[in-house]
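For reference, each letter of the sequence shown is one residue, going 52 to 260 in our numbering.
To start, the structure under review is shown below, and the notes come after it.
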Amino acid sequence: MTIEAAEELFSRALLQVIGQVNRGELGETNEATVQHHLALCLHLLARQANLPFSIIMERRIRRANGDVFPKKRRNNAEVDVFFTVGEDETRCAVELKLFKRINQREPNNRYDSYADLANLEIYLEEHCDVGFFVLLTDHPHYYDPEFGDHRPDTADFSLREGHIYQAQRELTYRTKSPYGPPLTLRKDYTFHWQNDGNDWRFLFLKVSP
């Protein structure tokens, strides 16, 4: 299976789950709820298409050569969802975030999103063929450029509509007690949010060769 075909399967599953969230079909929802329903949709779609398929949640992986992941400075991490699909077992890593307005963790959540992208780039180099980053939120702080300016000390970590990250630009948390170390991504990203008019918007970024 090509990376493009794996992405098409993933996109179909993702849209199904986001529709369920916006229609309230999943009841009280948190990040783990959405991750598990996404895994279920992937499994069912692959079975319908008679595709070889396997999936595991929170798969632990270890960096090669003793290197570390950037946020936690450890050489292991857990991938939210890891699946293989097709005769050639195309390997796909998924990091999925769900940020609720009520939780009020905005700057730290934005940092964690970039940390997930940094991890996906490492997974791509060492453990998978393609990576998918998904963020769902009901808070315009994350997606709306008109909502209000970010504070200067955390402004590096913008996720808003139309934001462009250029590869190798260092992102720094400039508070008195930084939440995490500086991050640098290897690829360019343009942030485009989907699902206008719904309570839950989503950001979907592919990390590919």
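Positions of the beta carbon are idealized from the N, C-alpha and C atoms, including for glycine.
Fair warning: this is a prediction, and the values are worked out from it, not measured in the lab.
Query	Result
Own chain, CB closer than 6 Å to Val122, minus 5 neighbours either side, in chain order	At residue 122 the sequence reads Lys, which differs from the Val that was named. If we look at Lys122 and ignore the five residues flanking it on each side, its Cβ neighbours are Ala166, Gly231.
Cutoff 6 Å; reference Asn249; Cβ partners in own chain excluding five residues on either side	Asn73
Segment limits, alpha helix (DSSP H) that includes Ser228	It is not in any alpha helix (DSSP H) - Ser228 carries neither H nor E in the DSSP assignment.
Burial state of Arg252, where buried means 16 or more other Cβ atoms lie within 10 Å	buried
N- and C-terminal bounds of the alpha helix (DSSP H) containing Glu55	54–73
Outcome for Gln217 when other beta-carbon atoms lying within 10 angstroms are tallied against a minimum of 16	exposed
Gly182 - partner residues in DSSP beta bridges	Ala144, Val258
Alpha carbon of Leu171 to alpha carbon of Ile54, nearest angstrom	15 Å
Cut-off 6 Å between Cβ atoms - residues of its own chain near Asp131, not counting five sequence neighbours on either side	Gln86, Val145, Glu146, Leu147
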